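Heads up, the sequence shown is in this note's numbering, so the first residue is 873 and it goes up one at a time.
Glycine residues also receive a C-beta, built at the ideal position from the N, C-alpha and C atoms.
All values reported here derive from a predicted model rather than from experimental measurement.
One structure below.
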Amino acid sequence: AGTPSARRRSSPTTKARGGRSGPHRCGIGKPPSLPGNAEEKKAQMETSQAVASILAKWNTNRPLYKFKTSYDEARETVFSRYEYNCALRGVLVRDEGIVRAYTDKAARWLTDASTRPWLFIIGPVGTGKSTLLRAVKNFIGTRGIMHSALDINGYAKEDDPYYYREHILAGTDCPFLLLDDVGQETIEVKSYGNSINPFVEIVTKRYDWQKPLAITSNLSLAEIGNRYGERVADRVREMAEVITIKGNSYR
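Structure representation (structure tokens):
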């Protein structure tokens, strides 16, 4: 049977107290890709359990940026907020089944500790990416802040550098950052004579500090790499759950 400490170390279900399980919570790479979706999920689960066991051994006290709300409650809340945000613009949800597939994925990301810490919503213009991001923000409430990428560039310049550093980069008071329309902003801005790339800084700091990030973009991951560098694309690829929205524009 072994000693109690040995049993604890060998238990595949050991979780880090107050910590994050999964390979993407501690900055290591994704599990190796194996043939078949079931094989990949099995490999990811085994890696998640092994990482959680290591973190528990060292009493890691990492914050878990997931909500205790049940998935069923979250999926209804996110969809209803999506529907409400559509109505504010004078439009109705076109295909509830398709939209619910997107809002269900977002709800899973908000509540399931096995999901990755970031969310990447991608799709053509006018298909509801920003509407979905607002629905996620409505669910998160005061734990998150939402801005367009254009706004971020303004804060990064002389407009409000303190807000940019403490809230957008560090997430001092609001850990969740929701960033809309990445790719529509200029890549570099001047801040007190220095050239900076706000989106690259956000990805770098939130990766290093393991803070949650949700973004929307018309750009694919390959295009993200071409625009901001492969290091940025690789970190988004590692850290983010991806929701790909298809269809015609609402506009």
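| Check | Outcome |
| --- | --- |
| Run through the region 972–1021 for me and flag every whole beta strand (DSSP E) of 3 or more residues, listed as ranges in chain order. | 990–994, 1016–1020 |
| Take residue 1070 as the anchor and find which of 1045, 1107, 1028 has the nearest alpha-carbon. | 1028 |
| At what residues does the alpha helix (DSSP H) containing residue 1071 begin and finish? | 1070–1080 |
| Please confirm if the region 1018–1025 is in contact with the region 1053–1070, defined as three or more CB-CB distances below 8 Å between the two stretches. | yes |
| Secondary structure at residue 1028, three-state DSSP: helix, strand or coil? | helix |
| Among 987, 1042, 1033, whose alpha-carbon lies nearest the alpha-carbon of residue 916? | 987 |
| Once the 5 residues before and after residue 1111 are set aside, which same chain residues still bring their CB inside 7 Å of it? | 896, 988, 989, 990, 1079 |
| Taking Cβ positions, are residue 1113 and residue 1006 nearer each other than 9 Å? | no |
| Per DSSP, residue 1052 is paired with what? | 1020 |
| Using three-state DSSP, classify residue 964 as helix, strand or coil. | coil |
| Can you name the start and end residues of the beta strand (DSSP E) that residue 1113 belongs to? | 1112–1116 |
| Taking three-plus beta-carbon pairs below 8 Å as touching, is the region 1030–1044 in contact with the region 997–1004? | no |
| Residue 1062 bridges to which residues according to DSSP? | 1067 |
| Along the chain, where does the alpha helix (DSSP H) that runs through residue 1042 open and close? | Neither: residue 1042 is in no alpha helix (DSSP H) and is coded neither H nor E. |
| Measuring straight from C-alpha to C-alpha, what distance separates residue 973 and residue 1116? | 10 Å |
| Straight-line CA distance for residue 959 to residue 951? | 12 Å |
| Tell me whether residue 1066 is buried or exposed, calling it buried when 16 or more other Cβ atoms sit within 10 Å of its Cβ. | exposed |
| So, for residue 1104: in the same chain, excluding its five sequence neighbours on each side, which residues have a beta-carbon less than 6 Å away from its beta-carbon? | 1072, 1075 |
| Can you tell me which residues form a DSSP beta bridge with residue 1085? | 990, 1049 |
| For the alpha helix (DSSP H) that contains residue 1037, what are its first and last residues? | Unbroken run through residue 1037: none, as it is neither H nor E. |
| Reducing DSSP to helix, strand and coil, say where residue 1120 ends up. | coil |
| Within this structure, are the beta carbons of residue 1011 and residue 949 separated by less than 9 Å? | yes |
| Helix, strand or coil, according to DSSP, for residue 1092 in the structure here? | coil |
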